[in-house]
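K.L.:
Numbering (UniProt numbering), first residue to last: 1 to 168.
1) Tell me whether residue 27 sits in a helix, a strand or coil according to DSSP, three-state version.
2) Can you have a look at residue 61 and say buried or exposed, based on whether 16 or more other CB atoms are within 10 angstroms of its CB?
3) With H, G and I counted as helix, E and B as strand and the rest as coil, what does DSSP make of residue 162?
4) Measuring straight from C-alpha to C-alpha, what distance separates residue 148 and residue 142?
5) Using only CA atoms, which one of 101, 86 and 151 lies nearest to residue 76?
6) Shorter than 8 Å from the beta carbon of residue 55 to some beta carbon of chain C?
7) What residues in its chain sit with their C-beta under 8 Å from that of residue 44, if we drop five residues either side in the sequence?
8) What are the boundary residues of the alpha helix (DSSP H) that residue 129 is part of?
9) Check whether the stretch 76-94 touches the stretch 123-136, counting contact only when three or more Cβ pairs, one atom from each stretch, lie closer than 8 Å.
10) Exposed or buried, residue 5, counting other C-beta atoms within 10 Å across all chains shown (16 or more means buried)?
11) What residue from 40, 1, 108 and 116 has the CA that sits closest to residue 67's CA?
12) Inspect the beta-carbon positions of residue 146 and residue 105 and report whether they are closer than 8 Å.
13) Within a Cβ cutoff of 8 Å, which residues of the same chain sit near residue 49, ignoring the five residues on either side of it in sequence?
14) Roughly how many angstroms separate the alpha carbons of residue 116 and residue 28, rounded to a whole number?
15) So the alpha helix (DSSP H) residue 82 belongs to, where does it begin and stop?
16) Mark residue 88 as exposed unless 16 or more other C-beta atoms lie within 10 angstroms of its C-beta, in which case mark it buried.
Set out below in structure tokens:
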């Protein structure tokens with residue numbers, strides 16, 4: 001499944017390149033021929049068609065796997081709940097079990113969809129940095145550096161929001 005996502009992201013890289021070629025056709029200083037403009041238009045159209053054709057099978061399969069894991073986890077929680085002794089049942093609230101089966105287990109769905117981005121995101125970042133380096137130069141490195149600096153800041157603020165959620 002990760003290879004489908006890699007293929008999708010590689011095709012997404014072609015989209016701005018084809019758009020740039022098409023825009024170059026309308027520039028006065030470096031015009032392209034009509035044939036090159038048509039090729040860029042065909043490439044842009046193919047990319048726009050291929051991305052959903054690749055994305056949806058990937059998304060469907062991983063969502064299905066996440067749902068299977070969710071059902072298995074709910075079954076394990078239910079089985080464990082049925083095996084609890086009467087003294088343990090008095091310590092466990094119904095709300096806690098419902099939260100386990102609804103909110104906590106629901107995270108499995110999203111985990112399967114986004115897990116491949118853990119290894120793919122650095123590749124995407126490097127490829128877009130190289131692509132922008134070719135277009136605008138050193139400013140692209142500064143921009144992506146700012147994005148990299150913002151990642152830990154965003155993690156810090158999300159942890160703070162998580163703590164505030166339980167306080168209030």
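C-beta: ideal position from N, C-alpha, C; glycine also. As the structure is a computational prediction, the values presented were derived from the model and not from experiment.
P.N.:
This is what the structure holds:
1) Here residue 27 is taken as the residue at index 27 of the chain shown, counted from 1. DSSP places residue 27 in coil when its eight states are reduced to three.
2) Locating residue 61 in the chain shown gives position 61, where the first residue counts as 1. Label assigned to residue 61: exposed.
3) The sequence position of residue 162 within the chain shown is 162, counting from 1. Helix at residue 162.
4) In the chain shown, the residue the question calls residue 148 occupies position 148. In the chain shown, the residue the question calls residue 142 occupies position 142. The straight-line gap from Cα to Cα measures roughly 10 Å.
5) Numbered from 1 along the chain shown, position 76 holds the residue referred to as residue 76. With distances taken between Cα atoms, residue 76 lies closest to 101.
6) The structure shown has no chain C; it contains just one protein chain.
7) As a position in the chain shown, residue 44 is number 44, starting the count at 1. Excluding positions up to five away in sequence, the list reads 15, 18, 19 and 22.
8) What you label residue 129 is simply residue 129 of the chain shown in a count that begins at 1. First-last of the alpha helix (DSSP H) with residue 129: 117-136.
9) no
10) The residue labelled residue 5 in the question sits at position 5 within the chain shown. Buried.
11) Residue 67 sits at position 67 when you count from the first residue of the chain shown. Among 40, 1, 108 and 116, the Cα nearest to that of residue 67 belongs to 108.
12) If you number the chain shown from 1, residue 146 lands on position 146. If you number the chain shown from 1, residue 105 lands on position 105. No, they are not a contact pair.
13) Against the chain shown, residue 49 aligns to sequence position 49. Around residue 49: no qualifying Cβ.
14) To locate residue 116, count along the chain shown from 1; it is residue 116. To locate residue 28, count along the chain shown from 1; it is residue 28. The alpha-carbon atoms of residue 116 and residue 28 are separated by roughly 43 Å.
15) The sequence position of residue 82 within the chain shown is 82, counting from 1. Taken as a continuous stretch (DSSP letters only), the alpha helix (DSSP H) holding residue 82 covers 34-83.
16) Numbered from its first residue, the chain shown carries residue 88 at position 88. By the neighbour-count rule (16 or more Cβ atoms within 10 Å), residue 88 is not buried but exposed.
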